[in-house]
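As structure tokens, the structure follows; a few thoughts come after it.
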Amino acid sequence: MWHPATMTQVADTTESIAEAQSSSRGPLPARARIVVVSGPDKDRVLEVGDGMYVVGKHEACDLPLTDGKVSRQHLELTRVPDGLRVRDIGSKNGSYYQGALFAAITIGIGASVKLGSTELLVIGPDEKLPLEVWEGEQFGNLMGASVAMRRVFSLLARYAQSDAPVLIRGESGTGKELLAAALHEQSKRASEPFVIGDLAAVTGTLIESELFGHVRGAFTGADHDRRGLFAEARGGTIFLDEIGELALEDQPRLLRALDQRQFRPVGASSYQPFQARVVAATNRSLDEEVSAGRFRADLYHRLAVLAVEVPPLRERRDDIEPLARHFVARTAASLGVPVPELSPSLLAVMRELEWPGNVRQLRNVLERAVTLTPADAPLDATTLGLMLPSLEPRRSSASIVDPSIPFHEAKSRLIDTWERDYVRSIVERAGGNLSLAARNSGMSRMSLYRLLEKHGLSHAPDNG
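So for the sequence shown, the working numbering puts the first residue at -9; every next one is plus one.
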């Protein structure tokens, strides 16, 4: 018997995109909610308790939908001890979880499933609804079909209307620089410069000159005046990449510039105003850096007036296929060759990989594959597999997680293990050439050195 459902229209909210992105399983609260986050019935909500509920196009369904690609009775939802059991009731167009077709699956709070053009999200009874989902699958030059990325796009669209500083957080390779560029291009500052400062690539003695410039004679070798990023940006956007690498002793001058909206070139006696917007990015947890005394709390709060978290590729597998097709087509066009076929079996393999290097690694793998594959030959899993020594299929969480230790300690251990294995692999693959290893992985050489030292790995001879 179907339970009567309570369906409401929900108001817009500006809550963080970090809400409802976890797909962890676990017991549901006594009353959970299914939210339609995209499709013609967007913002409709179904409250679920005990019993069974049906989602479909028929008006008698507990959650009736008007999506033409949804079957009359499409999904069956049932509470089970370890979450919400979602079963496809023989629908015509199928049901998808993280880009993969399923017949039945058990999900938890924060997970989403897709049927037709409709996406359903599971949230708790007291959770504020997540930020609205961007209607399209593109924001500027950014691409994303997943709910997670389209929430990022929606957040960026709002941030583009503001002049407040923005902090972009995400793992290496998730495209933080592309996000900053899209934010700039969609803002009223788009006609002004977008300047980039990679703080991990600049030595500590030159960081002030890089940011603020210097006058002739300010230090040995300063034989002419130099404009820094703050001067070059004018009324545009300054993107400070790897802000977490900024040394503690260099942080006060940046904080002072942000607070006073003016800066002083090294060796100069007067200050200059600046009008640019500051966008920073980091792959570190600055909260933890602040707690450890390596990053100033006041600078952190000044930079993170607005914040956005970029989810890793393994948490948005719906993006793998469109991104793969884009990279393959772009590479084929640059080489003047036909676009290779991406078979369903190959796409299925790609969805199963963890992609520790995220979108950058996906792009690099496909560019190499297209380059090395003979014209008119399809790409296959074997070809890509030979190029993916650092990738492994998803493993059961039970095999890598020790539930007896605290969450943050377990997370730190896993990250350390992955970092050590990844760094060792890229250095070995580059034959000990650290410059080549850094280029292949998309890291600066300084960042690679830091990871080698952190994990006690010897510096291999650098031949380039």
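Beta carbons are placed, not taken as given, at the ideal position from N, Cα and C, and that holds for glycine. Quantities reported herein were computed from a predicted structural model and do not represent experimental measurements.
Can you give the Cα-Cα distance for residue i and residue j, rounded to whole angstroms?
{"i": "Val256", "j": "Val295", "result": "28 Å"}
{"i": "Leu336", "j": "Arg217", "result": "49 Å"}
{"i": "Ser259", "j": "Val417", "result": "46 Å"}
{"i": "Leu145", "j": "Asp213", "result": "45 Å"}
{"i": "Leu157", "j": "Ile197", "result": "20 Å"}
{"i": "Gln11", "j": "Val300", "result": "Its pLDDT being 33, under 50, Gln11 is placed unreliably in this model, and the coordinates cannot settle the point."}
{"i": "Met459", "j": "Asp215", "result": "Lying outside -9 to 454, the shown extent of the chain, residue 459 is not represented and no answer is given."}
{"i": "Val329", "j": "Val318", "result": "7 Å"}
{"i": "Ala287", "j": "Leu245", "result": "10 Å"}
{"i": "Arg315", "j": "Arg75", "result": "32 Å"}
{"i": "Ser81", "j": "Leu65", "result": "8 Å"}
{"i": "Glu125", "j": "Ser434", "result": "36 Å"}
{"i": "Glu49", "j": "Glu109", "result": "19 Å"}
{"i": "Leu332", "j": "Pro312", "result": "11 Å"}
{"i": "Ile228", "j": "Phe92", "result": "45 Å"}
{"i": "Val38", "j": "Ile24", "result": "7 Å"}
{"i": "Ala338", "j": "Gly114", "result": "31 Å"}
{"i": "Asp72", "j": "Leu18", "result": "7 Å"}
{"i": "Ala322", "j": "Arg341", "result": "22 Å"}
{"i": "Val349", "j": "Lys104", "result": "22 Å"}
{"i": "Glu203", "j": "Leu219", "result": "According to the sequence shown, residue 203 is Gly rather than Glu. Approximately 7 Å between the Cα atoms of the pair."}
{"i": "Gly446", "j": "Ser437", "result": "14 Å"}
{"i": "Leu55", "j": "Gln63", "result": "10 Å"}
{"i": "Ser387", "j": "Ala94", "result": "Residue confidence is low: Ser387 scores 42 on pLDDT, short of 50, so the model does not pin down where it sits. Its coordinate-derived value is still stated next. Cα to Cα, the separation comes out at about 20 Å."}
{"i": "Asn430", "j": "Gly211", "result": "32 Å"}
{"i": "Leu441", "j": "Tyr149", "result": "33 Å"}
To the nearest whole angstrom, what separates the beta carbons of residue i and residue j, a pair I think is in contact under 8 Å?
{"i": "Val142", "j": "Ala22", "result": "Incorrect: roughly 24 Å between the Cβ atoms, too far for contact."}
{"i": "Leu325", "j": "Thr361", "result": "7 Å"}
{"i": "Arg179", "j": "Gly226", "result": "5 Å"}
{"i": "Leu53", "j": "Val45", "result": "4 Å"}
{"i": "Leu189", "j": "Glu161", "result": "About 17 Å separates the two Cβ atoms, so there is no contact after all."}
{"i": "Arg254", "j": "Tyr261", "result": "5 Å"}
{"i": "Glu175", "j": "Arg224", "result": "At roughly 16 Å, the Cβ-Cβ gap does not stay under 8 Å, so Glu175 and Arg224 are not in contact."}
{"i": "Leu469", "j": "Tyr290", "result": "Residue 469 cannot be examined here, being either before or after the span of the chain that is shown, -9 to 454."}
{"i": "Gly29", "j": "Asp57", "result": "5 Å"}
{"i": "Leu169", "j": "Leu230", "result": "So it is not a contact: roughly 13 Å between Cβ atoms."}
{"i": "Asp308", "j": "Ser136", "result": "4 Å"}
{"i": "Ser102", "j": "Val35", "result": "Between Val35 and Ser102 the Cβ distance is about 14 Å, and since that is not below 8 Å, they are no contact."}
Report the three-state DSSP secondary structure of residue i (helix, strand or coil).
{"i": "Glu299", "result": "strand"}
{"i": "Thr272", "result": "strand"}
{"i": "Gly73", "result": "strand"}
{"i": "Arg315", "result": "helix"}
{"i": "Lys82", "result": "coil"}
{"i": "His291", "result": "helix"}
{"i": "Glu37", "result": "strand"}
{"i": "Leu325", "result": "helix"}
{"i": "Gln128", "result": "strand"}
{"i": "Leu376", "result": "Confidence at Leu376 is low in this model, with a pLDDT of 46, below 50, so its placement is unreliable and the value that follows should be read with caution. Three-state DSSP puts Leu376 in a helix."}
{"i": "Gln151", "result": "coil"}
{"i": "Met42", "result": "strand"}
{"i": "Gln63", "result": "coil"}
{"i": "Leu457", "result": "Outside the shown range of the chain, which is -9 to 454, sits residue 457, and nothing can be said about it."}
{"i": "Thr361", "result": "helix"}
{"i": "Ser96", "result": "A quick correction: the sequence has Thr, not Ser, at residue 96. Strand."}
{"i": "Ser259", "result": "coil"}
{"i": "Leu356", "result": "helix"}
{"i": "Arg254", "result": "coil"}
{"i": "Leu447", "result": "coil"}
{"i": "Ser434", "result": "coil"}
What residues match up with residue i in a beta bridge as DSSP calls it?
{"i": "Gln176", "result": "In DSSP, Gln176 forms no bridge with anything."}
{"i": "Asp231", "result": "Asp188"}
{"i": "Ala90", "result": "Tyr87"}
{"i": "Tyr412", "result": "Answer is none; Tyr412 lacks a bridge partner."}
{"i": "Arg243", "result": "The partner list for Arg243 (beta bridge, DSSP) is empty, contrary to what the question assumes."}
{"i": "Arg23", "result": "Glu37 and Ile113"}
{"i": "Val103", "result": "Leu110"}
{"i": "Leu369", "result": "Leu332"}
{"i": "Phe220", "result": "None; Phe220 has no bridge partner."}
{"i": "Ile310", "result": "In DSSP, Ile310 forms no bridge with anything."}
Count the other C-beta atoms from every protein chain shown that fall within 10 angstroms of the C-beta of residue i, then say buried if there are 16 or more, exposed otherwise.
{"i": "Lys444", "result": "exposed"}
{"i": "Gln151", "result": "exposed"}
{"i": "Gln351", "result": "buried"}
{"i": "Pro155", "result": "buried"}
{"i": "Val353", "result": "The question names Val, yet the displayed sequence has Arg at residue 353. Flag for Arg353 reads buried."}
{"i": "Pro346", "result": "buried"}
{"i": "Val465", "result": "Outside the displayed span of the chain (-9 to 454) sits residue 465, for which this structure offers no information."}
{"i": "Glu200", "result": "buried"}
{"i": "Gly482", "result": "The question about residue 482 has no answer, for the chain in this structure spans -9 to 454."}
{"i": "Glu235", "result": "buried"}
{"i": "Asp116", "result": "exposed"}
{"i": "Leu67", "result": "buried"}
Is residue i a contact residue of the ligand ZN, with contact defined as CB to any heavy atom under 6 Å?
{"i": "Gly421", "result": "With respect to the ligand ZN, the structure shown offers nothing to examine, as it has no ligands at all."}
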